[in-house]
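Residue numbers (our numbering), protein chains in the order written: chain A, 1 to 235; chain B, 1001 to 1294. Cβ coordinates follow ideal geometry from the N, Cα and C atoms, glycine included. A short write-up of the structure that comes next.
Here's what the structure looks like:
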């Protein structure tokens, strides 16, 4: 094997390691969503603390990925699909770090709402949002791993009920506004709902990055669940 | 065909057809309106019985930088040398097919290859100044190529050529010193100035930075971007990042084993540079630029 091929083998090994590290972040984020939702719907402070601890770890990984990424770019100046993957991994690093932050926002709501009365109906709605968002993250991960464009395109449609539940949350809060203690709890819960809605959007972003990796074309998925990628005459 | 000189070729016709081998996608990224200064049609180059490159059909746009990349032996330098009949100087070399410069075939009967080379200048891999003063490197070349102006006009020509090659400020106080007294990067810019002094239309560059350090390389690359306002530039480079930095369109050449068992170069893909280096059309290109080649 030539030294040039050795060098490239080395690059691809390091690229794989970088990819593995970045995907490790989203695997942790997926788990964090489950814990954060459980913590806020049941008032479990211990779970909230665990979410915050895991996020500290994700933040550390975020900086490590940045360092690895910069070093790889400086050493190898990749091109073609390697360059696209590098571009995607940098974007995903930021997306997954923010997913972690949104989970922390939910965990903070658990802490702030400690001791306040809860409305079970609203808790159920938050739980439902969590149950919708986690499969979105899982589907995005699977689409990436399988490089499956059709699977990536499922995401906008999966996001729609999450958006609807978040929009509906305001009405639920107005309904309990007559009780000041309840209102304080519900206002904080609104933040948790908003955080879950954002996590849903981040899962859609992840799928868009996957689509770019596969097609080489940047396109935002539109809300109907369809997108313009397939219609591109140059595709 | 009647006898035609290159000078006549220059003034005769201009080829305004879009570049060859473009897909609809390419046309989105490269102006349709950009005319081709040079285009080849089914060009084959032989060294004796050995076919070095096969069936190259390529259009090079006016006032753009076009890059030719590919592994060693893919024929990219051979193609470049065929664009101004430099290959004629190699014994046994033969070009078949056509190379049109502003619509006229430079391989047609009656075309003077010396005039072709004056209009389509060349800069080589290794700086090769004449063993003369900096001034004479420009002036002598211009005189040999028929410059007949006054002394004052010659001084002006030397200054303008050195200014265009971004070398004037560094050498204006030592024009009488030998061209060899300059650094490698300066020598290469002197060679570019020498090429410019003959008032070419196209500048061919054969790995012009491969013997230079990164700073000198950067200066040449900046110079190329300046020069493309007035000239059309075609560059052969081993450095893919250099092609990505400076060129508008890039042609990727590769080697394949011919039926006769010979390694013959051919063009795989010709795309806007950004497309070629981020999402190439051909798997062969992708394999090369990501190092999975071979």
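Per DSSP, the continuous beta strand (DSSP E) segment holding residue 1059 of chain B begins and ends at 1050 to 1061. The Cβ atoms of residue 1079 of chain B and residue 1099 of chain B lie no closer than 7 Å to each other. Under the 7 Å criterion on CB atoms, residue 1129 of chain B is classed as non-interfacial with respect to chain A. Below the 7 Å Cβ cutoff, chain A contributes 79, 80 as neighbours of residue 1289 of chain B, in chain order.
Taking 7 Å as the cut-off, the beta carbon of residue 1111 of chain B is found no closer than this to the beta carbon of residue 1202 of chain B. By the Cβ-count criterion, residue 189 of chain A is buried, with 16 or more other Cβ atoms from all chains shown falling within 10 Å of its own Cβ.
The straight-line gap separating the alpha-carbon atoms of residue 28 of chain A and residue 1165 of chain B is approximately 57 Å. With respect to the 7 Å criterion, residue 109 of chain A and residue 176 of chain A are not classified as neighbours on the basis of their beta carbons. Interface flag for residue 92 of chain A against chain B is unset, since no Cβ pair is found closer than 7 Å. Residue pairing for residue 1121 of chain B: DSSP places it in a beta bridge opposite B:1203. The CB of residue 1274 of chain B never comes closer than 8 Å to any CB in chain A; the least such distance is about 11 Å.
Exclusion of the five residues before and after residue 1133 of chain B leaves 1175, 1176, 1177, 1178, 1179 as the residues of its chain whose Cβ lies within less than 8 Å of its Cβ. The residue among B:1183, B:1225, B:1105, B:1199 with its C-alpha nearest the C-alpha of residue 1213 of chain B is B:1183.
In this structure, the beta-carbon distance from residue 1278 of chain B to residue 82 of chain A does not fall below 7 Å.
Secondary structure of residue 1150 of chain B (DSSP, three-state): coil. Excluding sequence positions up to five before and after residue 186 of chain A, its CB lies within less than 8 Å of the CB of 119, 122, 172, 173, 176, 177, all in the same chain and listed in chain order. Neighbours of residue 84 of chain A across chain B, judged by C-beta separation under 8 Å: 1278, 1279. Cβ contact annotation for residue 1245 of chain B (same chain, cutoff 7 Å, sequence separation greater than five): 1221, in chain order. Between the C-alpha atoms of residue 1232 of chain B and residue 1039 of chain B there is a straight-line separation of about 12 Å. Listed in chain order, the positions of the segment 1239 to 1259 of chain B with a beta carbon within less than 9 Å of a beta carbon of chain A are 1240, 1241, 1244. Closest option to residue 1036 of chain B, judged by alpha-carbon separation, among B:1104, B:1117, B:1154: B:1104. The segment 1082 to 1095 of chain B makes no contact with the segment 1261 to 1274 of chain B, as fewer than three CB pairs between them are under 8 Å. Shown here for residue 93 of chain A: same chain residues with a beta carbon closer than 8 Å to its own, the five before and five after excluded, namely 22, 25, 62, 65, 66, 69 in chain order. Note on geometry: alpha-carbon atoms of residue 1156 of chain B and residue 1171 of chain B lie some 15 Å from one another. Straight-line spacing of the CA atoms in residue 1229 of chain B and residue 1256 of chain B works out to 36 Å. Taking 8 Å as the upper bound on Cβ-Cβ separation, chain B lies near no residue of the segment 157 to 187 of chain A.
The CB of residue 1286 of chain B comes closer than 7 Å to the CB of 80, 81 in chain A, given here in chain order.
Distance from the CA atom of residue 199 of chain A to the CA atom of residue 1063 of chain B, rounded to whole angstroms, is 49 Å. Across the structure, residue 219 of chain A and residue 212 of chain A are spaced so that their CA atoms are roughly 7 Å apart. Note on geometry: alpha-carbon atoms of residue 84 of chain A and residue 1190 of chain B lie some 39 Å from one another.
CA-to-CA, the gap between residue 114 of chain A and residue 58 of chain A works out to about 26 Å. With a cutoff of 7 Å on beta-carbon distance, residue 1069 of chain B and residue 1243 of chain B are scored as near each other. The beta carbon of residue 1073 of chain B sits closer than 8 Å to those of 1255, 1263, 1265, all from its chain and outside the five residues before and after it, given in chain order. The criterion of a C-beta distance shorter than 7 Å is not satisfied by residue 1056 of chain B and residue 1095 of chain B. Taken through DSSP and simplified to helix, strand or coil, residue 1272 of chain B comes out as strand.
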